[in-house]
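Notes follow the structure.
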């Protein structure tokens with residue numbers, strides 16, 4: 001039938017694509033800078049160091065590794081003033 005409706009109209013096929021955003025994580029919350037991406041895949045691991053905080057600030061727990069698991073980061077992170085702010 002070459003894709004035409006029997007009554008002479010065009011046959012239209014829709015393909016619905018679903019993206020499950022819960023399968024990954026948005027960049028970690030907080031006052032982090034210099035993040036490589038805005039979205040990370042499930043299971044992806046990132047390292048947070050003082051370069052991810054504003055000048056003079058450091059990660060509250062020291063350098064830390066976070067893992068994205070089912071839409072949530074494994075730990076919360078924030079930046080605090082360093083001992084010797086620039």
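In full-length UniProt numbering, the protein residues as written are 1 to 86.
C-beta: ideal position from N, C-alpha, C; glycine also.
> Three-state secondary structure (DSSP) at residue 41?
Replying inline: strand
> Straight-line CA distance for residue 56 to residue 71?
Replying inline: 30 Å
> Straight-line CA distance for residue 47 to residue 27?
Replying inline: 12 Å
> What residue does the beta strand (DSSP E) around residue 67 start on, and which one ends it?
Replying inline: 64 to 69
> In chain order, what residues of the same chain lie with their CB nearer than 6 Å to the CB of residue 80, ignoring the 5 residues before and after it?
Replying inline: 60
>> Between which two residues does the beta strand (DSSP E) holding residue 25 run?
In response: 24 to 26
>> Just to confirm my understanding: we take residue 24, look at its own chain, exclude 5 residues before and 5 after, and list those with CB closer than 8 Å. What are they?
In response: 39, 40, 41, 42, 44, 68 and 71
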